[in-house]
DNA sequence: ACTTGGCACTCGCTCGTGGTGAGTGCCAAA
DNA sequence: TTTGGCACTCACCACGAGCGAGTGCCAAGT
């Protein structure tokens with residue numbers, strides 16, 4: 001009962017601070033929210049909340065501001081995920097649906113996410129390790145050069161050039177191609193190691209070197225981690241929020257230019273809800289102490305393949321942003337399934 | 340003689356302002372540069388320069404600041420292009436030389452350029468208009484969906500998904516594929532329009548719709564211009580410079596997020612020197628009125644293929660930046676030739 | 001045991017004020 | 001044409017007073 005009100009107060013503080021970006025005082029609180037008690041009571045609660053570390057005052061005689069811990073509690077206990085409106089969902093689906101290829105899906109996603117959250121958006125490319133081989137093509141570029149094109153069911157295409165020790169004729173290539181296809185198509189790429197084992201051995205002796213070169217290249221291409229690519233968009237939103245924190249924006253921009261950093265931001269364990277929130281100092285990255293990162297995993301079929309998310313100030317609209325990130329992840333999954 | 344000194348004064352003002360970012364007064368000028376005359380004389384010159392529109396004062400009783408016109412004169416008449424040191428050149432060559440593919444070259448270039456100029460760097464992908472079709476693959480994804488993979492002799496791969504009105508069987512697809520290959524392989528992509536004309540007509544009636552869909556997609560994919568891609572890096576440098584102009588950074592970031600804008604920044608006529616400088620309002624882009632853009636074209640063989648450059652505040656180090664942009668363009672050309 | 005009104009206190013913020021100094025334009029002399 | 005002198009402008013800064021939002025504490029009320 002008493003505890004309940006305290007939490008209500010914390011929620012109110014977070015909501016007010018998020019919308020005004022100014023420290024919130026006891027009087028303003030009772031005015032804006034119908035808490036049914038007097039400011040003095042609220043003050044007592046606030047003192048308690050401060051003792052527990054959920055809120056803090058920037059300086060004496062100022063209102064309270066949520067701490068990272070306060071936001072954490074807010075996210076974990078006090079708020080849900082705000083679903084998007086039907087119109088928004090329809091717009092998302094249409095926008096993503098008209099993408100022509102994987103690159104296009106990724107680019108559209110990052111733009112979309114930045115636009116609807118009005119924050120910096122990150123999108124990681126789907127990992128191929130979970131995918132299966134859809135098709136392999138061997139093309140003779142010159143007598144001693146073969147290009148291998150690998151097409152995954154995710155729509156991703158990898159290309160490699162293989163140098164042969166001697167000339168290779170078309171029919172041999174066609175033979176290799178046919179047997180290679182039967183060896184790997186449809187198999188999860190993680191398993192290709194096994195299924196491809198017999199391929200070299202079953203090749204005619206004179207093609208052994210080429211066959212093993214092809215296998216080596218194939219394995220290399222498959223372990224090429226496309227999911228180490230992260231694209232970002234909406235950095236202009238940083239400047240908007242940066243008006244109040246002109247100092248903070250440079251380190252953030254710097255951090256966001258490092259692929260490694262982006263990967264660390266996205267690549268952590270999944271929460272059960274499907275949306276992961278990392279607040280302020282919880283971030284494993286220097287320079288992002290005053291930002292929060294909200295990520296969700298997206299999938300293809302029922303396999304989780306990669307993450308996407310947004311980076312914004314700790315005083316962000318968590319329910320709305322979480323809803324948007326969740327919805328976009330969901331729709332990206334759907335689009336990938338369709339293809 | 341008299342005219343000479345005025346220009347020397349203008350040069351001194353630009354140099355001082357660029358290094359201090361503060362309006363420069365007559366007294367400071369004579370102290371820092373050995374002009375051999377008194378402050379009063381300089382004041383007369385400054386008044387004249389102001390009348391001619393080369394400099395301006397932010398407010399009465401402040402020093403002078405170069406106008407866009409002043410910078411223009413400085414660049415055109417008063418400064419050269421500062422060459423890089425041998426060590427820097429060597430570092431550039433090594434850094435770019437270890438790139439593994441085209442994407443890698445582009446990414447390394449944009450990083451390099453941002454780093455050595457300490458500004459926002461832009462790099463446009465090289466245009467590949469003279470490429471020919473090496474191979475086309477049609478893959479059935481589902482009964483009514485076909486993926487087309489287009490491989491150009493440059494190693495570029497394009498993929499498209501085509502929706503069919505009815506189910507398509509494998510043998511029909513194989514037939515289409517074979518005839519498509521003979522129609523287009525080896526032809527310059529610019530000519531495919533012609534050679535592909537008979538393809539639809541020669542198809543069996545029941546495949547006509549699919550055939551024409553394939554042709555349409557093919558033409559679309561071929562005219563997909565890779566050189567419409569521009570990547571950028573070093574946006575963090577904006578923030579550094581933005582400390583003094585916190586308001587200006589948001590529109591700049593916004594403008595830089597638009598591919599169309601980036602293309603307009605890069606895609607203009609070449610100057611004879613090889614380096615183009617566009618100062619302040621000379622930029623054809625809204626929001627970049629207080630920035631300058633320095634670009635250079637790079638080439639492959641003796642064909643100019645695309646541009647790269649940097650965006651920075653109008654009060655930038657023109658000679659140094661021009662030198663860096665020029666050198667990087669030169670080395671990118673060299674790297675592309677080697678491949 | 002909470003809640004509440006009252007009250008004294010803190011302290012950041014704003015605004016006006018005056019002083020300072022860099023910088024200018026003009027003018028008369030060299 | 002250059003130069004020193006001089007009066008003038010005005011941004012900038014430091015200082016101080018007043019304001020007011022907000023707090024903590026306490027004693028009284030429910």
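Residue numbers (the working numbering), protein chains in the order written: chain A, 1 to 339; chain B, 340 to 678. Where a beta carbon is used, it is the ideal one built from N, C-alpha and C, also for glycine.
Nearest-angstrom Cβ-Cβ length linking residue i and residue j, presumed shorter than 8 Å
i, j, result
"residue 176 of chain A", "residue 193 of chain A", "So it is not a contact: roughly 18 Å between Cβ atoms."
"residue 605 of chain B", "residue 368 of chain B", "No, residue 605 of chain B and residue 368 of chain B are not in contact; Cβ-Cβ is about 36 Å, not under 8 Å."
"residue 223 of chain A", "residue 252 of chain A", "Not confirmed; about 32 Å, so no contact."
"residue 560 of chain B", "residue 489 of chain B", "5 Å"
"residue 580 of chain B", "residue 652 of chain B", "5 Å"
"residue 589 of chain B", "residue 239 of chain A", "4 Å"
"residue 403 of chain B", "residue 395 of chain B", "7 Å"
"residue 714 of chain B", "residue 624 of chain B", "Any property of residue 714 of chain B remains undetermined from this structure, which presents chain B solely from 340 to 678."
"residue 423 of chain B", "residue 666 of chain B", "5 Å"
"residue 421 of chain B", "residue 662 of chain B", "4 Å"
"residue 458 of chain B", "residue 632 of chain B", "10 Å between Cβ atoms; not a contact."
"residue 392 of chain B", "residue 353 of chain B", "Not really, about 14 Å apart at Cβ, beyond 8 Å."
"residue 282 of chain A", "residue 68 of chain A", "7 Å"
"residue 495 of chain B", "residue 570 of chain B", "Contact flag wrong, Cβ pair sits at about 16 Å."
Bridge-paired residues (DSSP) for residue i
i, result
"residue 49 of chain A", "The partner list for residue 49 of chain A (beta bridge, DSSP) is empty, contrary to what the question assumes."
"residue 259 of chain A", "Bridge partners of residue 259 of chain A: none, in fact."
"residue 56 of chain A", "A:65"
"residue 471 of chain B", "B:527"
Under the three-state DSSP convention, the category residue i falls into
i, result
"residue 248 of chain A", "coil"
"residue 368 of chain B", "helix"
"residue 109 of chain A", "helix"
"residue 232 of chain A", "strand"
"residue 100 of chain A", "coil"
"residue 463 of chain B", "strand"
"residue 684 of chain B", "In the structure as shown, chain B starts at 340 and stops at 678, and residue 684 of chain B therefore has no counterpart that could be examined."
"residue 551 of chain B", "helix"
"residue 563 of chain B", "coil"
"residue 118 of chain A", "coil"
"residue 19 of chain A", "helix"
"residue 374 of chain B", "coil"
Jot down the residue ranges of each uninterrupted alpha helix (DSSP H) in the segment 397–437 of chain B, minimum 4 residues, whole runs only, in chain order.
-> 407–412, 425–436
Those runs of the beta strand (DSSP E) which lie wholly inside the segment 263–337 of chain A and span at least 3 residues = 275–279, 291–300, 303–313
Length-filtered (3 minimum) beta strand (DSSP E) runs lying within the segment 134–210 of chain A | Listed in chain order, they are 145–152, 157–163.
Residues in the segment 465–483 of chain B having any Cβ partner in chain A nearer than 8 Å | 473, 474, 476, 478, 480
Looking at chain A, which residues of the segment 565–596 of chain B have a Cβ within less than 7 Å of any of its Cβ atoms?
-> 572, 574, 575, 578, 579, 582, 585, 588, 589, 592, 593, 596
For the segment 272–284 of chain A, enumerate the residues whose C-beta is nearer than 7 Å to any C-beta of chain B, in chain order.
-> none
What residues from the segment 98–116 of chain A come within 7 Å of chain B, judged by C-beta to C-beta, listed N to C?
-> Correct list: 100, 101.
Taking Cβ-Cβ distances below 9 Å as the criterion, which residues of the segment 37–61 of chain A are in contact with chain B?
-> none
Return the residues of the segment 490–518 of chain B that lie within a Cβ-Cβ distance of less than 7 Å from chain A, sorted by chain order.
-> Answer in chain order: 490, 494, 496, 498, 499, 500.
Could you list the residues in the segment 291–315 of chain A with a C-beta less than 7 Å from some C-beta on chain B, going in chain order?
-> Under the 7 Å Cβ criterion, the segment 291–315 of chain A contributes no residue.
Note down, in chain order, all residues in the segment 321–332 of chain A with a beta-carbon under 7 Å from any beta-carbon belonging to chain B.
-> none
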